[in-house]
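If you want the numbering used here, it's the 1-based position in the sequence shown plus 336. The structure under discussion appears below in the form of structure tokens.
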Amino acid sequence: MDSIKQIWEEVEEKLVKIKESFAKNPFEMAEFERGVHAQFNRLERDFIKQTLEEKDNQIRGSLKRLDNWVIVRQDTKKLLALSGPIV
337 MDSIKQIWEE VEEKLVKIKE SFAKNPFEMA EFERGVHAQF NRLERDFIKQ TLEEKDNQIR
397 GSLKRLDNWV IVRQDTKKLL ALSGPIV
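What follows is the structure in structure tokens.
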């Protein structure tokens with residue numbers, strides 16, 4: 337979860353910049369909305385990616401599975417979520 341905190345800090349910094357930009361030019365409402373939307377989509381994608389990677393590591397490290405299976409996978413998968421592609 338530390339990486340989510342780090343990502344949130346980066347997103348928060350960008351949201352502050354987006355807010356400051358909007359304060360300077362309040363007629364750019366659409367740009368403000370797009371910027372906020374993009375940052376929360378990034379946060380969502382990174383959260384989903386981290387959660388899936390943690391689950392994958394749990395499955396790979398399961399003693400039950402290690403007795404009967406050899407997991408060899410080197411290809412990259414891509415998941416299409418509502419917030420965008422997750423690699």
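The C-beta atom is built at its ideal place from N, Cα and C for all residues, glycine as well. Keep in mind that this is a model prediction, so the values were computed, not measured.
Inter-residue spacing [alpha-carbon to alpha-carbon] between residue i and residue j
| i | j | result |
| --- | --- | --- |
| W405 | I340 | 32 Å |
| E369 | R378 | 14 Å |
| A366 | I354 | 12 Å |
| G371 | E356 | 12 Å |
Opposing strand residues paired with residue i [DSSP bridges]
| i | result |
| --- | --- |
| A366 | In DSSP, A366 forms no bridge with anything. |
| I354 | Bridge partners of I354: none, in fact. |
| I422 | L415 |
Range covered by the alpha helix (DSSP H) that runs through residue i
| i | result |
| --- | --- |
| N361 | Per DSSP, N361 belongs to no alpha helix (DSSP H) and is neither H nor E. |
| R401 | L399 to N404 |
Exposure of residue i, with buried meaning 16 or more beta-carbon neighbours within 10 Å
| i | result |
| --- | --- |
| R381 | buried |
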